[in-house]
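Remarks on the structure that follows.
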Amino acid sequence: MTGELVRFETFQGIQSLTLDSVKVDTTGAFTFTFTFKTDKPAIGYLITAANKPYFVILDKNERIRLKGQHIGYPESIQIMEGQQNQAFANYAAQHPRREQALSAWAYLEKIYTMDSLFATQEVPTKAIQAEKTRIKKEDQAYLDSLNTTWYVSWYLPLRRLVSDVSTIAQYRTEEIPKTITAFRKIDYTDERLYRSGLLKDALENHFWLLENSGRSLDSVFIEMKVSIDSMLLYLVKNETRLNEITDYLFDLLERHSLFEASEYLALKVLNESSCTINSDLAKQLETYRAMKKGNTAPDMDFKVNLRSSNTKIKKLSEIKSPYTLVVFGASWCETCKEEVPKIANFYSKWKGKGLEVVYVSLDQTKEDFEQFTQPFPFISYCDYGKWNSPIVTNYYVFGTPTMFLLDSKREILLRPNSIAQMDAWVDLYLAKGNK
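By the numbering used here, the letter at position 216 of the sequence shown is numbered 224, and the numbering carries on one by one without gaps.
Below, the structure written as C-alpha cells:
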C-alpha cells in the first residue's frame, strides 16, 4: 500500500540487523539500497509493521527481483530473477504439504497396525508404508538436485530439520533419535548458520525435542548433557560463538527450569581451559560452581534494616533453625510479586517443622522495601545495594526470585525453582518420621 513502511533485515547470530527501510511509492514499488558488510551468502527478509516476514537468499552472485501484490500475501509473489530464491520458494511451498501428508499417513499406519479391526489388512498397510517412503524420497531428491555451491543447498536441509521438530514429536516419534543425532552434528561455529536466522530455533527446538521425547526426566537430563558436550566440541574453537551461544542456552535452560542441564553447562564451560569467556557470563555461570548443592553458603551480616521479631540477630549464622530458606527478590520483580507472598501462607507450617525463612530484598529505597515486606511474618532484610549488595554478589544472584535451602550448618541442600517445589520438599522430607 502507498506510504507503507517496508524494512529489509538480515541476521547476525541470534540477533537481527536492519539493512534498509523504505516507503512504498504511489505505483506500489519500492527499492532497497544498502551495503552488506560480508560477501558471504545470508538470509534476509522483507517485513512490514503488520505482516509476517518474506525470506530471501542474499548472495553477491545473484540478483533478486520480486513481483507481487503484497508481502503479506506470499502466494501472490513471483520471483522474476534469482535461481536460488526460486528454488527456495518452490521448496517452501512443497515441503509443508509433504509433511501434512506424511503425518496423515503416519496416523493411518498406526490404525492399520494397532487396531485389531484393520491389523489383518496387509495390502493397505503396505501401500501406506510405500507412500510414506515415496514422499520422503521425493523431498530428499529435490534437495539433492540443488547446486551444491549454492547457499540454499546447505540452508534448506537445516531449515527442514528445525521446522519439522513439533511434527516429529507428535506424529512420527520413531524419527526422534535420528533427529536428535542430526541436531548434535550441527557446527555452531559455522558462519553459514550465524547468518541463517536458524541459530535461535536450532537451539530451542533441539532442547525442546529432548524435553518432549517421552523419556523420564533423569533420562532427559542425560541426553541434554550429551547434546551440550557435542555442541562444545565445536564451540571451544571459537570464543566469540562460545560466549554468545552459552549465554543464550544457559538462559533458555533456566527459563524452562532445566536446572540440572544449566548447571552442567555452567560447570562444563567454566572448567574448559582452552577458551576464554567474558566476565559477565563467567559471573553468571559461577553461581553453579560456588553455590552448588553440598557447598557451604556464605554468612550474611545484617547491619541495618532487618525486619524480624528477633532484633538481636546480626548474622545468618545466628539463626537457630534446622533449616533456612534464603529468598532473593524485589518489589519491582513481577514473578516475586506472585511467588514471595505465597511464603506467608506456608510459613506457619514450615516454621512448625523447623524451617525458617530469610527474605533478602534488592530494592533500593526504604519505602519500597517496607511496603513490600510489611505483611510478611518472616525475616526480611535490605541494604539497598540492589545487584551491588555484598550479599547478592556473595551468593552469585543474577535474577529474582532466587532461592537456596540451607541446613543448620549453611550447607546448600536445594535450589528451589518455586514456592510449590519448596512446600513439596517440606511435605516429603520434614513430615513426621522423615526428618
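Note that CB positions come from ideal geometry on N, CA and C, so glycine has one too.
8 Å Cβ cutoff met for K394 and L414: Against a cut-off of 8 Å, the Cβ pair of L414 and K394 comes out as no contact.
Measure from the alpha carbon of Q137 to the alpha carbon of each residue in N155, D28, A149 and W113, then state which is nearest. W113
Compare the Cα-Cα distances from P132 to each of L116, D198 and S397 and report the closest residue. L116
Do the CB positions of I420 and F386 come within less than 8 Å of each other? no
Take C344 and list the residues in its own chain whose beta-carbon comes closer than 8 Å to its own, dropping the five residues that flank it on each side. G337, A338, T408 and P409
Of the residues A210, D255 and R418, which one's Cα is nearest the Cα of G302? R418
Can you list the beta strand (DSSP E) stretches of 3 or more residues lying completely in the stretch 227-285, in chain order? none
What residue from K291, D288, R297 and S287 has the CA that sits closest to L275's CA? R297
Spatial neighbours of R106 in its chain, beta-carbon cut-off 6 Å, leaving aside the 5 residues before and after: I143 and D147
Where do the ends of the alpha helix (DSSP H) carrying Y296 lie? Counting along the chain, Y296 sits inside the alpha helix (DSSP H) bounded by residues S287 to A298.
For the structure I just gave you, are there three or more beta carbon pairs, one from the stretch 223-243 and one from the stretch 70-90, closer than 8 Å? no
If I measure Cβ to Cβ from K193 and keep anything under 8 Å in the same chain, skipping five residues before and after, which residues do I get? If the five residues before and after K193 are omitted, its C-beta is found closer than 8 Å to the C-beta atoms of S238, all from its own chain and listed in chain order.
Report buried or exposed for T373, applying the criterion of at least 16 other Cβ atoms within 10 angstroms of its Cβ. exposed
Tell me the DSSP secondary structure of V400 in three-state form. helix
Looking at N213 and V173, is the spacing between their C-beta atoms short of 8 Å? yes
In the DSSP assignment, find the unbroken beta strand (DSSP E) run with M122 in it and report its ends. M122 -> not in any beta strand (DSSP E); alpha helix (DSSP H) instead, spanning Q91 to M122.
For V30, the three-state DSSP class (helix, strand or coil): strand
Taking the alpha-carbon positions, what's the R71 to S171 distance? 27 Å
Please report the Cβ distance between K328 and M308, rounded to the nearest whole angstrom; I am assuming they are in contact, meaning their Cβ atoms lie under 8 Å. Actually they do not touch by this definition, with Cβ atoms about 15 Å apart.
Residues bridged to A6 (per DSSP): As displayed, the chain neither begins before 9 nor continues past 443, which places residue 6 out of reach and without an answer.
Leaving out the 5 sequence neighbours to the left and right, which residues in its chain are closer than 8 Å to Y256 when beta-carbon positions are compared? I22, K208 and L211
What is the DSSP secondary structure of Q23, counted as helix, strand or coil? strand
Beta-carbon contacts of R223 that lie in its chain and below 8 Å, excluding the five residues immediately before and after: E231
Could you pull the start and end residues of the beta strand (DSSP E) that V335 belongs to? Y331 to G337
Name the residue from Q86, T197, I176 and F126 whose alpha carbon lies nearest to the alpha carbon of W216. I176
Taking the beta strand (DSSP E) that K75 falls in, what are its first and last residues? R73 to K75
Rounding to the nearest angstrom, what Cα-Cα distance links T332 and V366 in this structure? 7 Å
Name the residue from A149, Y120, L125 and S124 whose alpha carbon lies nearest to the alpha carbon of A135. Y120
What is the DSSP secondary structure of S308, counted as helix, strand or coil? The sequence shown places Met at residue 308, not Ser. If DSSP states are grouped into helix, strand and coil, M308 belongs with coil.
Taking 8 Å as the cut-off, decide whether the C-beta atoms of S221 and Y179 are in contact. Their beta carbons are not under 8 Å apart, which means S221 does not touch Y179 by this criterion.
Counterpart residues of M411 in DSSP-defined beta bridges: Looking at the DSSP assignment, M411 forms a beta bridge with V335.
By alpha-carbon positions, which one of K311, F384 and A432 ends up nearest to K361? A432
Distance between A97 and R200 (C-alpha atoms, nearest Å): 19 Å
Coil, strand or helix - C455 by DSSP: A query on residue 455 cannot be resolved here, the shown segment of the chain reaching from 9 to 443 and no further.
Look up Y179 in the DSSP assignment and give the residues it is bridged to. DSSP, once it has assigned bridges, lists no residue as partnering Y179.
Would you say E446 and F229 are within 8 Å of each other, going by their C-beta atoms? Coverage of the chain is limited to positions 9 through 443, which leaves residue 446 absent and any answer about it impossible.
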